[in-house]
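J.: So the sequence shown is numbered by the numbering used here: it starts at 2 and just counts up by one.
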Amino acid sequence: MNQGETIVKSARGTYAVDPKRDPKIFRDLKLPVYPQRESGLKTISAFLTARSTMVDGGAHIGTYSVPLSEMCKEVIAFEPSPETFVFLAKNVSLNGRSNIDARNKGLGASIGKASLAPLSDGLATSQTIDTEHGGSIDVTTLDSEVSRADLVKLDIEGMEAEALDGAARLIKESRPVFVIEIFPSAMKKHGRSPAEIQRFLRKRGYGIFLPMESDGPLMLGKIPALWILTILIMPGWFLKGGQSLSYDIVAVPKEKPMPQEIYVRSAVSLIIHLILRNLGDKTARLKKWLGMTLR
């Protein structure tokens with residue numbers, strides 16, 4: 002066991018993690034259920050079968066790759082950070098996942114070298130790729146690494162647009178489903194925007210959806226425009242800037258049928274859902290403030 006390493010047995014596998022480098026993931030793994038990760042796993046697994054090949058771009062220590070490898074034929078996992086990759090490789094071994102192909106590379110628009118630059122949230126493991134100044138990190142493209150894929154998950158700290166630029170052949174030949182993290186402030190560091198991802202995907206015949214919170218069936222809401230979504234999800238960042246929140250979108254080729262367990266909701270239903278959620282959050286915060294004030 003490496004210095005600082007802790008082994009955590011969770012409902013979704015056994016993981017080696019460094020609590021100092023990854024305090025949030027360490028806390029999340031110790032929870033009986035982590036709603037945000039469970040929601041992501043539920044969404045992705047709906048599109049997988051026993052014959053599927055999945056790409057996990059930004060695999061980190063494997064908290065998606067490990068459980069999802071039980072549901073598909075193969076997971077190709079990319080993680081650029083050498084320090085984090087050590088934990089990813091160990092967790093693949095700890096869980097006996099011979100169908101996970103872990104690669105210590107970042108994803109971008111072209112093959113080259115890069116360095117890792119920290120984001121502004123203060124976490125040692127929250128880093129984005131800097132391709133402008135070179136470095137020791139290998140950067141590759143989906144087209145050069147992956148012959149075919151049924152689903153591609155991209156959570157790569159603002160480099161999602163670049164990864165799509167490097168996937169022209171894969172998109173044309175495989176028509177994979179994409180699950181993409183939209184992190185506006187990180188994308189801005191690379192001179193990109195969520196609107197570029199929307200234009201890129203729609204031009205190539207994809208419908209774009211937002212997973213909607215539900216205790217029942219999995220629901221995807223049709224996205225009218227990502228800038229509208231960004232305003233509704235993070236109005237404070239839209240007005241003031243700074244470090245934004247992030248959210249996931251699902252992009253499905255229009256010619257592919259939706260899995261039977263997924264219910265698709267209209268753009269109007271999605272907007273109403275987000276407005277009501279915002280009102281509920283504000284009401285909860287007001288009640289908490291009043292409770293503290295009146296004590």
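Glycine is no exception: its CB is placed at the ideal position from the N, C-alpha and C atoms.
Taking the alpha-carbon positions, what's the L30 to V9 distance?
T.: Counting from one through the sequence shown, the residue named residue 30 turns up at place 29. Counting from one through the sequence shown, the residue named residue 9 turns up at place 8. The alpha-carbon atoms of L30 and V9 are separated by roughly 7 Å.
J.: In chain order, what residues of the same chain have a beta carbon less than 7 Å from the beta carbon of A187, not counting five sequence neighbours either side?
T.: Along the sequence shown, read from residue 1 onward, the residue named residue 187 stands at position 186. The residues are L120, T129, E158 and G159.
J.: In this structure, does DSSP put Q261 in helix, strand or coil?
T.: Along the sequence shown, read from residue 1 onward, the residue named residue 261 stands at position 260. Three-state result, Q261: coil.
J.: Across the stretch 166–182 and the stretch 145–153, are there enough close Cβ pairs to call them in contact, namely three or more that are closer than 8 Å?
T.: Contact holds: three or more Cβ-Cβ distances are below 8 Å.
J.: Please give me, in chain order, every unbroken run of the beta strand (DSSP E) with length at least 3 that falls completely inside the stretch 151–181.
T.: Taking only runs of at least 3 residues, the beta strand (DSSP E) segments lying wholly in the stretch 151–181 are 152–155.
J.: Which residue's Cα is closest to the Cα of G14: Y65, R22 and G41?
T.: For the purposes of this step, residue 14 is taken as residue 13 along the sequence shown, with counting starting at 1. For G14, the nearest C-alpha among the options comes from Y65.
J.: Is the CB-CB distance between I224 and L211 below 8 Å?
T.: The residue given as residue 224 occupies position 223 in the sequence shown. The residue given as residue 211 occupies position 210 in the sequence shown. For I224 and L211, yes; Cβs fall inside 8 Å.
J.: Quick check: the Cα distance between P185 and I112, rounded to an integer number of angstroms?
T.: Taking the sequence shown and counting its residues from 1, one reaches residue 185 at position 184. Taking the sequence shown and counting its residues from 1, one reaches residue 112 at position 111. Cα to Cα, the separation comes out at about 24 Å.
J.: For the alpha helix (DSSP H) that I229 lies in, which residues bound it at each end?
T.: Along the sequence shown, one-based indexing puts residue 229 at 228. Taken as a continuous stretch (DSSP letters only), the alpha helix (DSSP H) holding I229 covers L227 to I234.
J.: With DSSP as the reference, please indicate the residues paired to R104 in a beta bridge.
T.: Position 103 of the sequence shown, counted from the start, is the residue given in the question as residue 104. In DSSP, R104 forms a bridge with F79.
J.: With a threshold of 7 Å on Cβ separation, who are the neighbours of P20 within its own chain once the five nearest residues in sequence on each side are excluded?
T.: Locating residue 20 in the sequence shown gives position 19, counting from the first residue. Cβ neighbours of P20 beyond the five flanking positions: T7 and F27.
J.: Which partner residues of L221 appear in the DSSP bridge assignment?
T.: Within the sequence shown, the letter at position 220 stands for residue 221. Beta-bridge pairing links L221 to P212 and V265.
J.: Rounding to the nearest angstrom, what Cα-Cα distance links A196 and I229 in this structure?
T.: Looking up residue 196 in the sequence shown gives position 195. Looking up residue 229 in the sequence shown gives position 228. Looking at the two C-alpha atoms, the distance is approximately 10 Å.
J.: Going by beta-carbon coordinates alone, are T44 and V253 separated by less than 8 Å?
T.: In the sequence shown, counting from the first residue as 1, residue 44 sits at position 43. In the sequence shown, counting from the first residue as 1, residue 253 sits at position 252. Going by C-beta atoms, T44 is not nearer than 8 Å to V253.
J.: Checking the sheet assignment: what are the DSSP bridge partners for V18?
T.: Taking the sequence shown and counting its residues from 1, one reaches residue 18 at position 17. Looking at the DSSP assignment, V18 forms a beta bridge with T7.
J.: P254 lies in the beta strand (DSSP E); which residues open and close that run?
T.: In the sequence shown, residue 254 corresponds to position 253, counting from 1. Here the beta strand (DSSP E) through P254 covers Y248 to P254.
J.: Flag this pair as yes or no: are the beta carbons of M235 and H274 separated by less than 8 Å?
T.: Start at 1 with the first residue of the sequence shown, and residue 235 comes out as number 234. Start at 1 with the first residue of the sequence shown, and residue 274 comes out as number 273. Their beta carbons are not under 8 Å apart, which means M235 does not touch H274 by this criterion.
J.: Helix, strand or coil, according to DSSP, for I130 in the structure here?
T.: Along the sequence shown, one-based indexing puts residue 130 at 129. The answer is strand: DSSP assigns I130 an E or B state.
J.: With respect to the alpha helix (DSSP H) encompassing S186, which residues constitute its N-terminal and C-terminal limits?
T.: The count along the sequence shown starts at 1 and reaches residue 186 at position 185. Here the alpha helix (DSSP H) through S186 covers P185 to K190.
J.: Quick check: what's the CA-CA separation for N92 versus S53?
T.: On the sequence shown, residue 92 is found 91 positions in, with the first residue counted as 1. On the sequence shown, residue 53 is found 52 positions in, with the first residue counted as 1. Straight-line Cα distance between these residues: approximately 21 Å.
J.: Go through its chain and collect everything with a Cβ distance to E262's Cβ below 8 Å, but skip five positions before and after it.
T.: Within the sequence shown, the letter at position 261 stands for residue 262. Around E262: A47, P218 and L219.
J.: How far does the beta strand (DSSP E) with K114 in it extend, from its first residue to its last?
T.: Residue numbering aside, residue 114 sits at position 113 when the sequence shown is read from its first letter. Note, K114: beta strand (DSSP E), G113 to P119.
J.: Whole angstroms is fine: what's the gap from D131's alpha carbon to S245's?
T.: Within the sequence shown, the letter at position 130 stands for residue 131. Within the sequence shown, the letter at position 244 stands for residue 245. Straight-line Cα distance between these residues: approximately 19 Å.
J.: Between the Cα of K190 and the Cα atoms of I209, E161 and G41, which residue gives the shortest distance?
T.: Here residue 190 corresponds to residue number 189 of the sequence shown, with the count starting at 1. Here the closest residue by C-alpha is E161.
J.: With distances taken between CB atoms, is the gap from S247 to I172 smaller than 8 Å?
T.: Counting from one through the sequence shown, the residue named residue 247 turns up at place 246. Counting from one through the sequence shown, the residue named residue 172 turns up at place 171. No. Outside cutoff.
J.: Determine whether the beta carbon atoms of H61 and E80 lie at a separation below 8 Å.
T.: As a first step, residue 61 must be located in the sequence shown, where it is residue number 60. As a first step, residue 80 must be located in the sequence shown, where it is residue number 79. Yes; because the gap between Cβ atoms is below 8 Å, this pair is in contact.
J.: Do R38 and I77 have their C-beta atoms closer together than 8 Å?
T.: Counted from its first residue, the sequence shown places residue 38 at position 37. Counted from its first residue, the sequence shown places residue 77 at position 76. No, the Cβ-Cβ distance between R38 and I77 is not below 8 Å.
J.: Counting along the chain, where does the beta strand (DSSP E) carrying V67 start and finish?
T.: Numbered from 1 along the sequence shown, position 66 holds the residue referred to as residue 67. No beta strand (DSSP E) holds V67; the alpha helix (DSSP H) holding it covers S66 to L69.
J.: For I273, which three-state DSSP category applies?
T.: Working through the sequence shown from its first residue, we reach residue 273 at position 272. In the structure shown, I273 sits in a helix (DSSP, three-state: H, G or I).
J.: Could you tell me which of A268, S94, I250 and L49 sits nearest to V67, measuring between CA atoms?
T.: The residue labelled residue 67 in the question sits at position 66 within the sequence shown. Of the listed residues, the one whose Cα sits closest to V67 is S94.
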